[in-house]
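Inspection log for the structure reproduced underneath, given as structure tokens.
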Amino acid sequence: MRGIVFTQSGAELTDELEVRAPGPAEVLVRVAAAGVCHSDLSVIDGTIPWKVPSVLGHEGAGVVEAVGSEVGSLKPGDHVVIATLASCGLCRACATGHPTRCPSSLGNVSAPFTFRGAPAFNFAGSSVFAEMTVVKEVQAVRIDEDVPFTVACLIGCGVVTGVGAVLNRARVSQGDTAAVFGVGGVGLNVVQGLRIAGASRIIALDSVPAKEDLARRLGATDFVDASREDVVARVREIVPHSPTRTGGALGAGGVAWSFDCVGHPDVLRSAIDVLDWGGNAVAIGIPPRGSEVRVDVNHLAYVDRGLLGCRYGSARPHHDFPLLVELYREGELLLDELVSLVRPIDDFAEVVAAMKGGEIARGVLTVA
Ligand SMILES: NC(=O)c1ccc[n+]([C@@H]2O[C@H](COP(=O)([O-])OP(=O)(O)OC[C@H]3O[C@@H](n4cnc5c(N)ncnc54)[C@H](O)[C@@H]3O)[C@@H](O)[C@H]2O)c1
Ligand SMILES: [Zn+2]
Ligand SMILES: [Zn+2]
Numbered sequence: 044m045r046g047i048v049f050t051q052s053g054a055e056l057t058d059e060l061e062v063r064a065p066g067p068a069e070v071l072v073r074v075a076a077a078g079v080c081h082s083d084l085s086v087i088d089g090t091i092p093w094k095v096p097s098v099l100g101h102e103g104a105g106v107v108e109a110v111g112s113e114v115g116s117l118k119p120g121d122h123v124v125i126a127t128l129a130s131c132g133l134c135r136a137c138a139t140g141h142p143t144r145c146p147s148s149l150g151n152v153s154a155p156f157t158f159r160g161a162p163a164f165n166f167a168g169s170s171v172f173a174e175m176t177v178v179k180e181v182q183a184v185r186i187d188e189d190v191p192f193t194v195a196c197l198i199g200c201g202v203v204t205g206v207g208a209v210l211n212r213a214r215v216s217q218g219d220t221a222a223v224f225g226v227g228g229v230g231l232n233v234v235q236g237l238r239i240a241g242a243s244r245i246i247a248l249d250s251v252p253a254k255e256d257l258a259r260r261l262g263a264t265d266f267v268d269a270s271r272e273d274v275v276a277r278v279r280e281i282v283p284h285s286p287t288r289t290g291g292a293l294g295a296g297g298v299a300w301s302f303d304c305v306g307h308p309d310v311l312r313s314a315i316d317v318l319d320w321g322g323n324a325v326a327i328g329i330p331p332r333g334s335e336v337r338v339d340v341n342h343l344a345y346v347d348r349g350l351l352g353c354r355y356g357s358a359r360p361h362h363d364f365p366l367l368v369e370l371y372r373e374g375e376l377l378l379d380e381l382v383s384l385v386r387p388i389d390d391f392a393e394v395v396a397a398m399k400g401g402e403i404a405r406g407v408l409t410v411a
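Residue numbers (my numbering): 44 to 411.
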């Protein structure tokens, strides 16, 4: 079958993949559509170290082709969005509603594929840049059949990561102010999560000025061109300490929430520097391993500032995915707007180039 395989020499389209049959608690999914997330590109460029050969893609939706003998929640023909979390359901994290902290959900590397006859690994437990993939039952979340796969797939990473960071991790309150650094596939969903949460001021910042229109369409009240402006000064101008002063002691002024959706330590530092007293920065972007951020601890300790990490929108997929579908149906969650281009998997390189150009929200591959 066809797919995108990551090897020592990069990512390549191949038709020399095979996938094994599902185990007792697994399902075989025929992938219909898959969004390209920056994390896939980070595997290719080495930012996220991963085994080779492996099958890329982790934001996908499709149709259940076959189920293992112990699977009770799904049947062939069901439409599903694939979650990357193969959580165990039994540990303390799972039992308290935090599957993103389940030890079984991190790594989850196995080799359900073969590439040219030799074992090939999965990526993020999902590997959706392939005609078929095998995932654990818990990872396949059933959705209604009338949701197009090209939008449903986005829920599997970019949407849940962005909206979940706002609603699950930050729990932003109505009227709060926020700054979103990097409005790509994830950041745009932080923006719309903030709109849904009722944030009063949503400042989108991106180094590509062409992102402004879409950011505003999804809910941004302000846009800052990070390639030209002093981002920290600009945010403090937009949300000043008082009507007469932009700043104050210990960095007063700025926003209640900031989100780094880029994955660079300098950006995270800016995200901390734009916080008002009591504000919290949420680290979503993934920089290379070992990346560090420096901060004056007094600016945290004296005035209740915080720094939070957020994996996969701190999601509970079986609760959150249906909720996100419902918000889409109600017109609250804009998904069609996020699909900038749809191309067959053969045009993977074209989608990657468009992403690197920075002007698209999400590129989606149609697979089967
Ligand atoms: N924590 C998680 O669970 C999780 C999940 C998904 C993605 N991620 C990570 O989130 C990050 C974003 O992913 P994405 O798919 O949205 O990427 P993307 O490529 O779609 O978007 C990144 C955006 O950041 C902008 N940008 C780049 N440098 C910038 C800078 N210095 N200042 C402001 N804007 C800048 C780009 O123009 C682009 O709009 C990546 O690091 C990815 O690995 C993390
Ligand atoms: Zn992702
Ligand atoms: Zn668990």
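Cβ coordinates follow ideal geometry from the N, Cα and C atoms, glycine included.
- An exposed status is given to tyrosine 345, since fewer than 16 other beta-carbon atoms sit within 10 Å of its beta-carbon.
- Residue burial annotation: valine 152 is exposed, with fewer than 16 other C-beta atoms found within 10 angstroms of its C-beta.
- What you get when you keep residues with a C-beta closer than 5 Å to any heavy atom of ligand 3 is Ser130, Cys131, Cys134, Cys137 and Cys145.
- In this structure, His101 is the residue among His101, Thr143 and Glu369 with its C-alpha nearest to the C-alpha of threonine 176.
- The shortest CA-to-CA distance from glycine 66 to any of Ser112, Phe391 and Ala314 is the one to Ser112.
- Distances taken from the Cβ of valine 336 to the heavy atoms of ligand 1 include none shorter than 7 Å.
- Distance between valine 317 and arginine 212, taken at the CA atoms: about 19 Å.
- Residue burial is scored here from C-beta neighbours: aspartate 363 has at least 16 other C-beta atoms within 10 angstroms and is therefore classed as buried.
- Inter-residue distance for glycine 205 and valine 215 is about 13 Å (C-alpha atoms, whole angstroms).
- Judged by DSSP secondary structure, aspartate 249 falls within the beta strand (DSSP E) whose first and last residues are 244 to 249.
- In this structure, ligand 1 has a non-hydrogen atom nearer than 7 Å to the beta-carbon of isoleucine 327.
- In this structure, aspartate 347 has its beta carbon at no less than 7 Å from each heavy atom of ligand 1.
- Glutamate 69 sits buried, since 16 or more C-beta atoms from the chains shown fall within 10 Å of its C-beta.
- For glycine 78 against leucine 197, the beta-carbon gap comes to about 5 Å, under 8 Å, which counts as contact.
- Annotation note: the region 297 to 360 contains the following uninterrupted alpha helix (DSSP H) runs of length 4 or greater, listed N- to C-terminal: 308 to 316 and 340 to 344.
- Shortest gap from the CB of alanine 240 to any heavy atom of ligand 1: 7 Å or more.
- In the DSSP assignment, methionine 175 is bridged to Arg73.
- In this structure, leucine 128 lies near tyrosine 355, with their beta-carbon atoms less than 8 Å apart.
- For glutamate 393, the enclosing alpha helix (DSSP H) starts and ends at 391 to 400.
- Taking 4 residues as the minimum length, the alpha helix (DSSP H) runs contained wholly in the region 189 to 269 are 192 to 197, 203 to 207, 230 to 240 and 255 to 261, in order along the chain.
- Residue pairing from DSSP places glycine 406 in a beta bridge opposite Leu384.
- Nearest Cα to glycine 53 within the set Trp93, Lys254 and Gly228: Trp93.
- When C-beta atoms of the region 147 to 164 are compared with those of the region 365 to 383, fewer than three pairs fall below 8 Å, so the two segments do not count as touching.
- At least one heavy atom of ligand 2 lies closer than 7 Å to the C-beta of histidine 101.
- Judged by DSSP secondary structure, histidine 122 falls within the beta strand (DSSP E) whose first and last residues are 122 to 125.
- With a threshold of 7 Å, the Cβ atom of serine 357 does not count as near ligand 2, since no heavy atom of the ligand is closer than that.
- When secondary structure is reduced to three states using DSSP, leucine 149 falls in the coil class, being assigned neither helix nor strand.
- Between the region 325 to 333 and the region 380 to 398, the count of C-beta pairs closer than 8 Å stays below three; the two stretches do not touch.
- In this chain, leucine 117 is not harboured by any beta strand (DSSP E), its DSSP state being neither H nor E.
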